[in-house]
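Enquirer:
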Amino acid sequence: MLKPKELAFVVPNVNECLFAIHTKLTTRDYNVAVYKYGQEYFVLDDGCIFQQIQGIDQESQGDEEELLPYVEEAFEKNCYTIVEEKFIQLELGILSTMSIDSPVQVKYYEFVDFI
C-alpha cells in the first residue's frame with residue numbers, strides 16, 4: 001500500500017491506473033477513486049468501484065482487470081469528473097500532511113498492456 005506522497009511520484013509516470021483513497025476526517029469519512037488514462041484524470045463517483053475494490057482486497061489473489069468493467073460502467077453512467085493533474089497533486093500533498101495525524105489508506109492498481 002502506497003502513501004499519498006509516494007503516489008504523487010508514481011502516478012505521473014504511468015499511462016493507466018486507478019487509485020482509491022480512504023481516511024477518516026473529523027466530521028466524515030473521505031473516499032475518492034481516481035482513474036488515470038494517458039494525461040487525463042477522472043474522479044469516479046460510483047459506489048460500485050469501492051465495493052469491487054473491497055472484494056478484491058478480501059480475495060487471496062485479486063485481479064486488477066476485474067476493476068476495469070466498473071470503471072467503464074462509471075463512464076457509461078456519467079459518474080465522473082475530469083480534473084487536472086495539478087489538483088490531484090495538491091490533494092495528495094494535503095493528504096500527505098494529514099497522514100501524520102490520521103492514517104490514509106491508498107489502494108493503487110496499474111493497468112499494463114502486454115503486446
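Residues in the sequence shown are numbered from 1 upward in steps of one, following full-length UniProt numbering. All residues carry an ideal CB built from backbone N, CA and C; glycine is no exception. Please read these numbers as outputs of a predicted model, since none were measured by experiment.
#1: What's the C-alpha gap between residue 27 and residue 90?
#2: Hey, could you find the ends of the beta strand (DSSP E) residue 24 is sitting in?
#3: Pull up the distance between the alpha-carbon of residue 109 and that of residue 18, whole angstroms please.
#4: Would you mind working out which of 71, 36, 23, 75 sits nearest residue 51, comparing C-alpha positions?
#5: Identify, in the order they occur along the chain, each residue of the same chain with its Cβ nearer than 8 angstroms to the Cβ of residue 81, setting aside the five sequence neighbours on each side.
#6: CA-CA distance, residue 84 and residue 40?
#7: With a threshold of 16 other CB atoms inside 10 Å of the CB of residue 112, please say whether the residue is buried or exposed.
#8: Identify the continuous beta strand (DSSP E) that holds residue 5 and give its terminal residues.
#9: What do you get for residue 25, buried or exposed, if any count of 16 or more other CB atoms within 10 angstroms of its CB means buried?
#10: Residue 48 and residue 20 - do their beta-carbons sit closer together than 9 angstroms?
#11: Short check: CB of residue 96 to CB of residue 5, under 9 angstroms?
#12: So, for residue 105: in the same chain, excluding its five sequence neighbours on each side, which residues have a beta-carbon less than 6 angstroms away from its beta-carbon?
Expert: To lay it out plainly:
#1: To locate residue 27, count along the sequence shown from 1; it is residue 27. To locate residue 90, count along the sequence shown from 1; it is residue 90. Distance between the alpha carbons of residue 27 and residue 90: 21 angstroms.
#2: What you label residue 24 is simply residue 24 of the sequence shown in a count that begins at 1. Segment 16-24, the beta strand (DSSP E) holding residue 24.
#3: Within the sequence shown, numbered from 1, the residue matching residue 109 stands at position 109. Within the sequence shown, numbered from 1, the residue matching residue 18 stands at position 18. About 5 angstroms.
#4: Within the sequence shown, residue 51 is the residue found at index 51, counting from 1. The shortest C-alpha separation from residue 51 is found at 71.
#5: Position 81 of the sequence shown, counted from the first residue, corresponds to residue 81. Excluding positions up to five away in sequence, the list reads 42, 43, 45.
#6: In the sequence shown, the residue the question calls residue 84 occupies position 84. In the sequence shown, the residue the question calls residue 40 occupies position 40. One C-alpha to the other measures close to 7 angstroms.
#7: Along the sequence shown, one-based indexing puts residue 112 at 112. By the 10 Å Cβ count, residue 112 comes out exposed.
#8: Taking the sequence shown and counting its residues from 1, one reaches residue 5 at position 5. Taken as a continuous stretch (DSSP letters only), residue 5 belongs to no beta strand (DSSP E), being part of the alpha helix (DSSP H) at 4-10.
#9: For the purposes of this step, residue 25 is taken as residue 25 along the sequence shown, with counting starting at 1. With fewer than 16 Cβ atoms within 10 Å of its Cβ, residue 25 is classed as exposed.
#10: Within the sequence shown, residue 20 is the residue found at index 20, counting from 1. Within the sequence shown, residue 48 is the residue found at index 48, counting from 1. Going by C-beta atoms, residue 20 is not nearer than 9 angstroms to residue 48.
#11: Within the sequence shown, residue 96 is the residue found at index 96, counting from 1. Within the sequence shown, residue 5 is the residue found at index 5, counting from 1. Cβ distance < 9 angstroms, so residue 96 and residue 5 count as in contact.
#12: The count along the sequence shown starts at 1 and reaches residue 105 at position 105. Answer for residue 105: 22, listed in chain order.
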